[in-house]
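Asks: Residues -25 to -1, 1 to 185, numbered by mature numbering (1 follows the signal peptide of the UniProt record, and there is no 0), are exactly what the sequence shown covers, in order.
Just so it is clear, CB atoms sit at the ideal spot from N, CA and C, and this is done for glycine as well.
Everything numeric in this text was worked out from a predicted model, so none of it was measured.
This is the structure, below, for whatever I ask next.
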Amino acid sequence: MHCLDHRILLVVLSCGFAVSQGAQGIRSFRKSWTFQEKEVILSRDFTASDVTTAGENRFLYALCEEAHWKPKKTCDVMVETYTAENLTYKSTCRLNLKTENESRMIGRNFLLTQLGGEQAIFMWIDREKVNWSKHEILLRGRLISWSNCSSSDFKLVIEEQNGLMDEIKFNNVVVYENSFDVFFYSRSQCGSGRCKASFDSRAQLVGRIE
């Protein structure tokens, strides 16, 4: 786990908004994610770019229930903002994940990253519980606007590599200012097996998978 500091951006899902004072807000935040019986998913964006043009520091993360290998999972995606006036704002959005049918399950690996200054991308695997390699495997994602908790979903049909479906490393997303690319493996869709799908800021596929 990466070291946390005041420059890290944080997001949690559940439609709420709270204000507290400087250090007190930070202590409350640390307690909220340290002592809850939740799975903590940190944003991969641990960079100075999490400092806004207004001089605010933001931290993005998610808290998910520890319901592994289930067809449903609930996560709260949160953004905590620390202002130059030593105020702390927390915006949360509830994310209810669900597979396409009860015979499927949500994988254990997730990706959380930001898109621009007001959106986050959350991704997960949706696959069959039994004989999963013989069925359709989905790489699913949700684009969330944390100002009002609106969201748009997208999904890609992928293929496993080396039998390690749940060991997917989610370093296969490249984010730009208002769009993002997802790289994935599928010989049926791309001759080499290495595919790229481009999406806009509404999670709409741009062009063709290549």
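1. Return the Cβ separation of residue 93 and residue 122 in integer angstroms, given the expectation that the two are a contact with Cβ distance under 8 Å.
2. Kindly indicate which three-state DSSP category residue 44 falls into: helix, strand or coil?
3. Pull up the DSSP beta-bridge partners for residue 108, would you.
4. Pull up the distance between the alpha-carbon of residue 133 and that of residue 112, whole angstroms please.
5. With distance defined between alpha-carbon atoms, name the residue in 95, 79 and 33 nearest to residue 110.
6. Residue 176 and residue 91 look like a contact to me (Cβ under 8 Å); what is the Cβ gap, rounded to whole Å?
7. Nearest-angstrom Cα distance between residue 69 and residue 102?
8. Give the DSSP-derived three-state secondary structure of residue 147 in the structure shown.
9. I need the DSSP call for residue 162, collapsed to helix, strand or coil.
10. With DSSP run on the structure shown, which of helix, strand or coil describes residue 74?
11. Since residue 126 is in the beta strand (DSSP E), which residue starts that stretch and which ends it?
12. I'd like the list of long-range same chain contacts for residue 47, defined as Cβ closer than 8 Å, with 5 residues on each side in sequence excluded.
13. Provide the residue(s) that pair with residue 184 in DSSP beta bridges, ordered along the chain.
14. With 16 other CB atoms within 10 Å as the buried threshold, where does residue 95 fall?
15. Tell me the DSSP secondary structure of residue 60 in three-state form.
16. Can you tell me which of 62, 31, 124 and 118 puts its alpha carbon nearest to the alpha carbon of residue 157?
Replies: The relevant details are as follows:
1. The residue given as residue 93 occupies position 118 in the sequence shown. The residue given as residue 122 occupies position 147 in the sequence shown. Indeed, because the Cβ distance is near 6 Å, the residues count as touching under 8 Å.
2. Locating residue 44 in the sequence shown gives position 69, where the first residue counts as 1. DSSP places residue 44 in coil when its eight states are reduced to three.
3. Stepping through the sequence shown from its first residue, residue 108 is reached at position 133. DSSP lists no bridge partner for residue 108.
4. Along the sequence shown, read from residue 1 onward, the residue named residue 133 stands at position 158. Along the sequence shown, read from residue 1 onward, the residue named residue 112 stands at position 137. Rounded to whole angstroms, residue 133 to residue 112 spans 6 Å at the Cα level.
5. As a working note, residue 110 is residue 135 in the sequence shown. Cα-wise, what sits closest to residue 110 is 79.
6. For the purposes of this step, residue 176 is identified with residue 201 of the sequence shown, where counting begins at 1. For the purposes of this step, residue 91 is identified with residue 116 of the sequence shown, where counting begins at 1. That pair is a contact at about 7 Å.
7. Your numbering for residue 69 matches position 94 in the sequence shown. Your numbering for residue 102 matches position 127 in the sequence shown. So the two alpha carbons sit approximately 22 Å from each other.
8. The sequence position of residue 147 within the sequence shown is 172, counting from 1. Residue state, collapsed to three classes: coil.
9. Your numbering for residue 162 matches position 187 in the sequence shown. Under the three-state reduction of DSSP output, residue 162 falls in the coil class, being neither helix nor strand.
10. Locating residue 74 in the sequence shown gives position 99, counting from the first residue. Residue 74 carries a coil assignment under DSSP once its states are collapsed to helix, strand and coil.
11. Sequence index remark: in the sequence shown, residue 126 carries index 151 (1-based). First-last of the beta strand (DSSP E) with residue 126: 125 to 133.
12. Numbered from 1 along the sequence shown, position 72 holds the residue referred to as residue 47. Closer than 8 Å at the Cβ level, and outside the excluded window around residue 47, lie 71, 72, 73, 74 and 81.
13. In the sequence shown, the residue the question calls residue 184 occupies position 209. BP columns for residue 184 are empty, so no partner.
14. Here residue 95 refers to the residue found at position 120 of the sequence shown. With 16 or more other Cβ atoms inside 10 Å of its own Cβ, residue 95 counts as buried.
15. As a position in the sequence shown, residue 60 is number 85, starting the count at 1. Residue state, collapsed to three classes: coil.
16. Here residue 157 is taken as the residue at index 182 of the sequence shown, counted from 1. Measuring C-alpha to C-alpha distances from residue 157 to each of 62, 31, 124 and 118 identifies 118 as the nearest.
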